[in-house]
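Residue numbers (the numbering used here), protein chains in the order written: chain E, -14 to 317; chain U, 31 to 224; chain P, 361 to 557.
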Amino acid sequence: MNTFTVSPSPHIHSGDSVKKNMYGVIIALLPTLAISIYNFGLGALVVTATAIAACLLFEHLIQKFLLKQETTIWDGSAIITGMLLAFNIPSNLPIWIIVIGALVAIGIGKMSFGGLGNNPFNPALVGRVFLLISFPVQMTSWPTIKNTFLSYTDVQTGATPLSVMKEALANGELPTDVLGQIPSYRDMFLGLQGGSAGEMAGIAILIGLAFMLFRKIITWHIPVAVLGSVFAFAGILHWIDPMMYAPPMFHILSGGLFLGAVFMATDYASSPMSNKGGIIFGIGIGVITVAIRVFGAYPEGISFAILIMNAFVPLIDKYIKPKRFGEVAKKK
Amino acid sequence: MNQKENFLKGFFKENAVFTLLLGMCPTLGVTSSAINGLGMGLATTFVLVMSNIVVSLVKDMIPDKVRIPAFIVIIASFVTVVELLMQAYLPSLFESLGLFIPLIVVNCVVLGRAEAFASKNNPLSSMIDGLGMGLGFAMALTMLGSVREFLGSGKIFDMVVFPEQYGMLVFVLAPGAFIALAYLIAIIDKLKKA
Amino acid sequence: MAKTESNLINMVLALLIITLVAGGTLGMVYKVTKEPIATAKLAKQKAAIESVVPGFDNNPTDETYELTSAEGYQLEVFPCKKGSELLGVAISSKTMKGFSGEIKLMVGLKPDGSIINYSVLEHKETPGLGSKMQEWFNSTEKPSQSVLGKNPGADNLTVSKDGGDVDAITAATISSRAFLDAITIAYNTYTKEGGQK
């Protein structure tokens, strides 16, 4: 089967292909994987390998037996889904739960809609949110970093900075006091914080982002819009009442914000086609993320925010059309 | 159309849930377990049969312009009867279905059958139509309830199939209702075409 | 029979007759079901009391009285007696500190204030986390998470994270705190206001 790429005209072939871009993303994810293994040891490796293997297997089985297509599992997209799913779950998650997550991500999130390029929602996030709602206990017991390198399930667990903050604020403590109980900004940026397997190290994800920008796999619009709007919205709240709301830098550096903004919001099939649309999309994600973190029941909201904005993509694409090649702006 | 066809059409050919996509509110709202689905389905069946009979009996007496309010009053009366009876004799089922019982009034299936079938046919065919449609609705709700209860908590009609800790909680909650319904419709559609 | 024409008189008449018949029917059904409904409600309340203070032979709903807690909540107290001996009281308690608002409990206390059993009546906590209150705190296998037999006066009824004697529900500390808060409210109100009655 040929792989068609949907894009606005003109259709100039630049040597891009689905495969080349997908493997570029995988390379960009490697620094994050390295930090994850450094932090969580064997657990990170087991979780990532399981998720990738399960995603490949389910995609193959569904294509072969349900859709009766030729299998395209080596185009790299299932590997990315597997890696992103693994980076979004705790590194001590039991294997059977990871397999369910992979089945949901590939089966419900991707293949039900017709496979690569047709999925309106990011498959890895569909899997992740499904698991979060289905197995809340396992999905919110994160192992603490660097305790025992070789153990997998039997590890000490602890809260993430976000959940510490959420609980403390609900208890009436001051944000400034809470900042003393959690890792410093520098440590958080370097990845020395608890959390899902691949979400804690801002620096590793930024390296991946630089690589993807350099290879022109993605443009800067969506990540910058997400991070910028989180900073702005959290900043406004903090400025209105510093006693009630955490400072904006905390929101930027904690949780899965970097991972979501760089790798998941930029997924080709589920983000807007135009750059202007991408900025609207990114701002939506940023605002919803902060709203869920601050006012919602869950401590982290980036995955819900991306899924919600995914649903708006067709609408954004309808009203923000890419500029036609050769078009001259109308004079007023 | 003979009466047998008239009865059977409610199960697959014109099934309210799987084919017509009517009555989605109770379908998604109460089917967190098989017994809830069955209870809701049977309550709706009762209302559907009774209102179909009455509507078809009085159809000539009601002037056209006020037929919808008249139908609604008839349906609402039967729903209230069901609600009171259930509260009195099946209090535990009433507690889990709760809010959704009064909402049978606005279930499109009931008004839809009154308007599309009972107001044009004789009482016997209307009763059979109501029975078929209602039982088809009950069947669909029970199926959806069973799937959700099984995947969500490892039980079917409260019989343990696998330990509850392995259940996928999402299926007991609202999002799981949408997911399970979508796949059930897809499977049934496939079977109908085969 | 010909179709009735849609003129004003016919419309008014038709609707009038239908509503009259409907009203009459409903009135009848209401009268018939009134008593069974009341009985069912009483039976439910009695079952809830029975589950938290087993073994009484009086009719606690007849001797019920109300107490006001320090927070201003109206708590209903149901004294449960066997013969003339007071086995304990069932108190309906509540708290607003739940993860998603209100939690209502029925707590059974012995006359000295130690907990016999409890039953969660109403809550909006997260399914799978806070919603495990009913099973979690009366586990017979894991005494460190059970509140049964403990006395809020002697034991420290707070979650172990806050230095107390009760293990919180995994990943649901806020719901656990709220649950213990509701129990403590029942205890405080009963011992201060109406103990040994």
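For glycine and all other residues, C-beta sits at the position ideal for the given N, C-alpha and C.
Quick caveat, the model's predicted, so the values are computed rather than measured.
Item: Inter-residue Cα distance where the pair is I203 (chain E) and N295 (chain E); Value: 17 Å
Item: Contacting residues, own chain, Cβ-Cβ under 6 Å from A231 (chain E) (five flanking each side not counted); Value: M150 and P160
Item: Alpha-carbon spacing of M68 (chain E) relative to S21 (chain E), whole angstroms; Value: 12 Å
Item: Per-residue contacts from V200 (chain U) into chain E (C-beta, under 8 Å); Value: F115, I118 and S119
Item: Min CB distance S411 (chain P) to chain E below 8 Å; Value: no
Item: Sequence-distant residues of the same chain with beta carbon closer than 8 Å to T393 (chain P), five excluded per side; Value: none
Item: Per-residue DSSP class, three states only, for K464 (chain P); Value: strand
Item: Beta-carbon gap between I270 (chain E) and I291 (chain E) smaller than 8 Å; Value: yes
Item: Per-residue contacts from T486 (chain P) into chain E (C-beta, under 8 Å); Value: P121 and A282
Item: Length at least 4, wholly inside the region 70 to 131 of chain U: the alpha helix (DSSP H) runs in chain order; Value: 97 to 119 and 121 to 127
Item: Proximal residues of chain P, C-beta to C-beta of T125 (chain E) below 7 Å; Value: A531
Item: Beta carbon of A46 (chain U) nearer than 8 Å to that of G166 (chain U); Value: yes
Item: Short CB-CB distance (under 8 Å) between G555 (chain P) and chain U; Value: Because the pLDDT at G555 (chain P) is just 48, under 50, the model does not fix this residue reliably, and the value given afterwards should be weighed accordingly. So no, G555 (chain P) is outside the interface.
Item: Completely contained alpha helix (DSSP H) runs for the region 1 to 67 of chain E, where each covers 4 or more residues; Value: 3 to 25 and 27 to 46
Item: Close Cβ partners of A63 (chain E) (< 6 Å) along its chain, the five nearest in sequence each way excluded; Value: C40, L41 and E44
Item: Residue-level contact to chain U via CB, I93 (chain E), 8 Å cutoff; Value: yes
Item: G343 (chain P) (DSSP reduced to helix, strand or coil); Value: No answer is possible for residue 343 (chain P): it lies beyond the span of chain P, which begins at 361 and ends at 557.
Item: Chain-ordered chain U contacts of K464 (chain P) [CB-CB under 7 Å]; Value: Ordered by position in chain U, no residue passes the 7 Å Cβ test against K464 (chain P), which lies about 14 Å from the chain.
Item: Cβ contact check for the region 191 to 202 of chain E and the region 83 to 96 of chain E: 3 or more pairs under 8 Å; Value: no
Item: Which listed residue (P:A450, P:A430, P:E445 and P:T530) has its alpha carbon closest to that of E436 (chain P); Value: P:A450
Item: Assigned exposure category for E431 (chain P) - 16 Cβ within 10 Å defines buried; Value: exposed
Item: N286 (chain E) versus I277 (chain E): straight-line alpha-carbon distance, rounded; Value: Position check: residue 286 (chain E) holds Gly in this sequence, whereas Asn was assumed. Each residue's alpha carbon lies about 5 Å from the other.
Item: Q405 (chain P) in three-state terms, based on DSSP; Value: helix
Item: Collapsed DSSP secondary structure at L447 (chain P) in the structure displayed; Value: strand
Item: G448 (chain P) and I409 (chain P) closer than 8 Å at C-beta; Value: no
Item: Within-8 Å CB hit, M361 (chain P) to chain U; Value: With a pLDDT of 49 at M361 (chain P), under the threshold of 50, the modelled position of this residue cannot be trusted; read the value that follows with caution. With 8 Å as the cut-off, M361 (chain P) counts as an interface residue toward chain U.
Item: Under 9 Å from the C-beta of P205 (chain U): neighbouring residues of chain E; Value: V114, F115 and I118
Item: At least three beta-carbon pairs within less than 8 Å, the region 181 to 199 of chain U to the region 75 to 86 of chain U; Value: no
Item: Near the ligand NAP: S214 (chain E) beta-carbon under 7 Å from a heavy atom; Value: By its list of ligands, the structure shown contains no ligand whatsoever, and the ligand NAP lies outside what it can speak to.
Item: Neighbouring residues, chain E, relative to I209 (chain U) (Cβ below 7 Å); Value: I93
Item: At least 3 beta-carbon pairs within less than 8 Å: the region 83 to 103 of chain U vs the region 374 to 383 of chain P; Value: yes
Item: L70 (chain U) and L171 (chain U) closer than 8 Å at C-beta; Value: According to the sequence as given, residue 70 (chain U) is Met; it is not Leu. In contact: M70 (chain U) and L171 (chain U) (Cβ atoms closer than 8 Å).
Item: Within-8 Å CB hit, M91 (chain U) to chain P; Value: yes
Item: Closer than 8 Å to chain P by CB, E158 (chain E); Value: no
Item: Supposed contact pair I207 (chain E) and T251 (chain E) - C-beta distance, whole angstroms, cut 8 Å; Value: 5 Å
Item: A210 (chain E) beta carbon less than 8 Å from that of I268 (chain E); Value: yes
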